[in-house]
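Chains as they are written, first to last, in the numbering used here: chain A, 1 to 326; chain B, 1001 to 1555; chain C, 2001 to 2569; chain D, 3001 to 3312. Before any comments, here is the structure.
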């Protein structure tokens, strides 16, 4: 009982600290949101003092000192009301996040899961067929591919498949003529647009899963229960899947939790290169424009999603590993 | 299958090797990128890279918000268009502007103009607009009410009373975009109004809007409908340079590397015109030694090879700038003919050294040292991510190294760079001067003591903290004279001061990067027909949109 | 013996180890023997003798780096040394099965016991779908477990239960040959005994041929009818159990046998303890006789004897419940005793009896929940972490596992220098001198050579001597030895025990000897306390208690001691 | 030889004046190196890494031109004079590529080392201490794991304007140490239960010495593995930050090359060696580290060592 309380207490404390960090970190950045807005405008031509004044009034010079702002912020967090974005003034932060979230969740979340499943399967295969080309190809290929810088892979794919061979669209999440909804045309177009970013994430993240699974699988293959299963003449695939792989996957779940948690925040580079209207792109915009309200909301979401993903993995662990039950 | 470790090594090596080989083969051949107009767009439709919706377009058409969609400029027209290329004033919703005395501006409102919903446009709309800007100062981006005292309607005219003698204020006030009273009067809070279904007087109405692209359709009620030949505009949210080159754009405002090799090569009907849009300059911090020493500034100036700086910054597409503050050749008729060589200052090591010597700096062991023997190190502040400025700074670094100056580069993020400028927290800062189209504005912004604040206090303009009674006097004269010749003379005097005193050191012209395709439309501004700047995001775009013709091929 | 009787013929079998980056070594070399149907054969040898490697080879489970390099294994007429994988797999049903040493870990932690059985049935198809459940219950019954066990996961079963499940699983193959590789080594004494009984009964009832691999000649002789003795990869003796017991031919067998004795006997003697045993029996003199195994000690003591006693009064230790909703674990209940200066006291009991917890509390590693522990003027239970140093200056510990107790990366000299520097204040040359003396004391000569060695260059016995030397380095008053010989090969135990006994006598240190092994307790302690479920059930003079036990638990412990003399049939 | 143990702000252990020698760290490292080298993949990795390190060291000798000289014709295709062409600013791509190895190797090495150092200091102390101090560290580490990496990097990079390589290293270290600390802690926790650690307590050793002299050397493989992992992510993070323009674009590194390539649209101008080559180099360098880790894995887990094939 005390253990559970402690656990929950620590979770809340972590959440609070992260939220606090989310408040103060952006404010550590030199320059104000107005400066950022002016900087953006000044790229289009001279900006006068009057413009600055108007923007200051518009964005509202924050009331009170940092501490009272912090109190206000905590209230916002609790009521989940993040106000109006500076960058996309006067759009409410909630709307912007609401627009971007589905794309990131579906694209990155789905691909992360696919990469995990596929990588794990390949890792199982590599460990089981250790020393053969079925091992060498995924492990070497995987380690090479995962060493590619994300954005670089993205640029190359975009250039060749998007511009040169024109197989896939070059930006956006769906065709310009499509209306978002549950129509076949929209979903088809959305899928078509998701291919390149998805392939990029897949290429660069697959290797890690392959290697991770291969290593734990090789370890479990040496475990006594595997030897005993072989001694009992179980079929090789039963031994590989139900005995070795089933146990080897457990340690990788923790990494999977972190990866899932990273889904929301980890796609900045890919979304930027592909002009994909997801959370990552929005985040980059928010950070570079010192859009405090938007940044705060996004950081909070990322933090919560990491905690949530870890929670889900904990539960999954409980389901998959009887030793942790009760 | 049994292999020894050795063959496995070999296999892995072979795999790596072939990958490298593939890479080299690919590097060897270059890939041609061709462009053609998007066949799905009709011959009367223009694809224009003007707006940027990253990650997606927000439906904001309130022209007084900085985040308004670019197409607001094509719907909400100003009273007068100030042509920032040459300073000409084009009567627009006001058919005539008069300044009967330095405290009054009278706009005669054009007859027969209709709002796009069919309602008539009139002086009341103009008064309403100004009153609204007064009530909601956050919308007054141009700062019209800084100069205005009141506004009244007199028949067909709108009379603006100024706070004092201020002739140049007319050029600011007249640029205000006018919105319909019958719609905006019902808006509770215009400062957060997104105006999703805009009604304006301009040549285009909002068509289909999606988060990734929107279209504009010709306004059939437009008061110059006969001059508008382009039926539709399409504005995608994403216009990367790759998009611009490959997707058959008709008009784009974008710097592009190697224009001839890319944009021009992609299609024979692609052209470009890059007139100067401002002078990229170095702001010396005039409150700080040795930058407050004119001789020292002269030394810096003589040590510069401005052509090389400009070439490095803009790949040779932009010219070196003279030290007059004028944008050449467009403002040539405003240039003081008394200034030698159109204000260009040639590189001269000897003059640099003698200037430095006067300032107390001498060469020692290849380093420029002050009287105490301390070597000189200068920090140039530029905004992170402004790559052309950085290229320029890199060139300057090399040039000044030749006269013994060590240069450090500070690259804060743009917002922090703005902060540094405002606080005067820099030694030399990169910045842009001029380009408003108004000689008065250009000089006042940078030299007027009105904007002077001590270091540490935030300045809104005049970041170098220049102060001169003479300049203030000239600027003051400017506000009272309505005589064009006199204004010109005053301009000459300011140019002379600018040339002599180096309040900022001009380097090269920042470009207005116009990319055009003549495949469907002709009549683009060009060096031969420099009627306005190629910008897509200001009122001058209206000049272009009403100037274009269908090309022979498209007819 | 007709040829039909022969189930397995091993001819000229060699198994080679080929570790990467090291020279190949033969673990089994040119071994030949035959097994008759229904025979129960023991395979005995110390660690490294190759007995397990041979067992794995017999069931074709050898994995790299081990490899059958030569020879044939004719099982029921087929050479299984060379058949392909799928044939081999099919052979396992109705052929040969193996029960692994670490039965604890032989079950898949994420599958229920039922699924383990079903997996085997599915793999071979020898039990129809409808009969699966019935058969599984039948098998689990044969190893004396309730049917409800089938619903459990391995983690929910005790070690003994898991080992029984493995046996049942092996049995489910209906094998003709079962190889048991140290089936009881990892288990508690009492459980060991019970599992061995089950194995014996099963073998009798099911009639399979059984090979029992063990390092413990006692266990093997008790259980089997024929014994193969292995030493350095070679079978040195092969004969009926009774002959091996009464008239061993190989020196090696004789040596092994000499290390068994009955702790209940009037006179207990092991190699190196001959005189001592008699002395103790006579209650006699203090004149030391050096064991032949190690050199005489030369260290002169600076502080002569222990002066302080350890006084344990009404000590209890309760751990919080391991899982929610369960009862707290009461590891130690109201234990009181005094370890007088110079006394030797044995603390015996099976694992979980609380004996190690008591040791931890005395050394300050754990704090008692109730009661007090005093050492001289120190109240051990109230010492803060920094003050533990004062305690450790006088109370030292000898650990159970000599492989784990030495940092593999430090030389013997470094290991011994640390306590010398920390506690005695000696430095440089003096400290080194002291280290060399210590090595000499524990019989590791030439001292210079041993000082420079790393743990992996030492044998288990040598390591334990280093551990003892370390405990002595600071001239402690008390040594607490936690099962110091249980991890050692039988032949090495006596030497280490003799050393401990020697040192206690000569240096006058008090010894708290913690063990489950009654024989060793009998050898080196004067007094004994028997612990059961955290409480003392019997105490007294060691010889007296062991010869005339009054508590049932003590009797059960004594019964469980393997004894070659006590034959089955 | 004796080396000074790393101490974590605790009083230094009594000077080790004895002539006793622990297994010297050099010996340990030599053993590590031998085990790693015995792995084929790791051997390939070592060779590739060495090539890059040599290129970095001898960059000024190898590079045909001054990498920041802009005197050449702009946006040239590959030619005999410029094997990989020139940039839009007129720099020689090959020279930049060779020079760029310096930054990447340096950043990878230093950031990897520093974040490993932090991870070791925190992970080991965390694993050894008990009670509330452990809770506090746990809390801090969790915080660093929960706060998103890349956005945090961007914010920090924006805050620490202008620091160039030093800033990038700092950012990578700040965001990169937590995971390693967690892994090292759990290993420390399992090691601290070992008898030899208890034995060291009985030998009167002080905590700092136990942690860094007894426990740490037994985690060499894990630490080395952590180093290579951290170096890999440092190299990738450096490239990412510079690509986003958050670094100092005036230094010549692979990341800034990619930044300029993207900035000047190297793909459009056909200069695409400028884009391809730095990316490939980053990938190869990172791969080499991953490959080496195959060998390092075998240190702590003998099952992961390569097996000799069964010969028949």
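For glycine and all other residues, C-beta sits at the position ideal for the given N, C-alpha and C. Values in this document were obtained by computation on a predicted structure and should not be read as measured data.
Same chain only: Cβ atoms within 6 Å of residue i, ignoring 5 sequence neighbours per side
| i | result |
| --- | --- |
| residue 2250 (chain C) | 2236, 2237 |
| residue 3112 (chain D) | 3227, 3230, 3231, 3234 |
| residue 33 (chain A) | 59, 86, 290 |
Residue i to residue j span [Cα, whole Å]
| i | j | result |
| --- | --- | --- |
| residue 3187 (chain D) | residue 3205 (chain D) | 20 Å |
| residue 1559 (chain B) | residue 1108 (chain B) | Residue 1559 (chain B) lies beyond the range of chain B shown here (1001 to 1555); nothing can be said about it. |
| residue 1042 (chain B) | residue 1173 (chain B) | 39 Å |
| residue 2123 (chain C) | residue 2114 (chain C) | 14 Å |
| residue 2195 (chain C) | residue 2140 (chain C) | 14 Å |
| residue 282 (chain A) | residue 1055 (chain B) | 6 Å |
| residue 208 (chain A) | residue 3174 (chain D) | 22 Å |
| residue 2062 (chain C) | residue 2044 (chain C) | 19 Å |
| residue 2441 (chain C) | residue 2502 (chain C) | 10 Å |
| residue 99 (chain A) | residue 1539 (chain B) | 31 Å |
Residue i (DSSP reduced to helix, strand or coil)
| i | result |
| --- | --- |
| residue 1179 (chain B) | coil |
| residue 1256 (chain B) | coil |
| residue 1516 (chain B) | strand |
| residue 2034 (chain C) | strand |
| residue 3179 (chain D) | helix |
| residue 1089 (chain B) | strand |
| residue 2327 (chain C) | coil |
| residue 1524 (chain B) | coil |
| residue 2222 (chain C) | helix |
Residue i: first and last residue of the uninterrupted beta strand (DSSP E) it sits in
| i | result |
| --- | --- |
| residue 2248 (chain C) | Element bounds for residue 2248 (chain C): n/a, residue is neither H nor E. |
| residue 1508 (chain B) | 1505-1511 |
| residue 2009 (chain C) | 2006-2017 |
| residue 2213 (chain C) | 2209-2214 |
| residue 1208 (chain B) | 1204-1210 |
| residue 1428 (chain B) | 1428-1433 |
Host alpha helix (DSSP H) of residue i (start-end)
| i | result |
| --- | --- |
| residue 203 (chain A) | 184-221 |
| residue 1414 (chain B) | 1414-1423 |
| residue 2518 (chain C) | 2518-2524 |
| residue 56 (chain A) | 49-59 |
Neighbourhood of residue i by C-beta, 8 Å cutoff - its chain only, sequence neighbours within 5 removed
| i | result |
| --- | --- |
| residue 1038 (chain B) | 1047, 1247, 1248 |
Residues near residue i by beta carbon distance below 7 Å, same chain, minus five either side
| i | result |
| --- | --- |
| residue 1025 (chain B) | Because the pLDDT of residue 1025 (chain B) is 47, which lies under 50, any placement of that residue in the model is unreliable, and the number read from its coordinates should be weighed accordingly. Answer for residue 1025 (chain B): no residue qualifies. |
Run through the segment 2439-2492 of chain C for me and flag every whole beta strand (DSSP E) of 3 or more residues, listed as ranges in chain order. Annotation: the segment 2439-2492 of chain C contains the following complete segments of the beta strand (DSSP E) (minimum length 3 residues), in chain order: 2478-2482.
Please give the ranges of any beta strand (DSSP E) in the segment 1108-1181 of chain B, keeping only runs that are unbroken, at least 3 residues long and fully inside the region. Taking only runs of at least 3 residues, the beta strand (DSSP E) segments lying wholly in the segment 1108-1181 of chain B are 1148-1154, 1157-1162.
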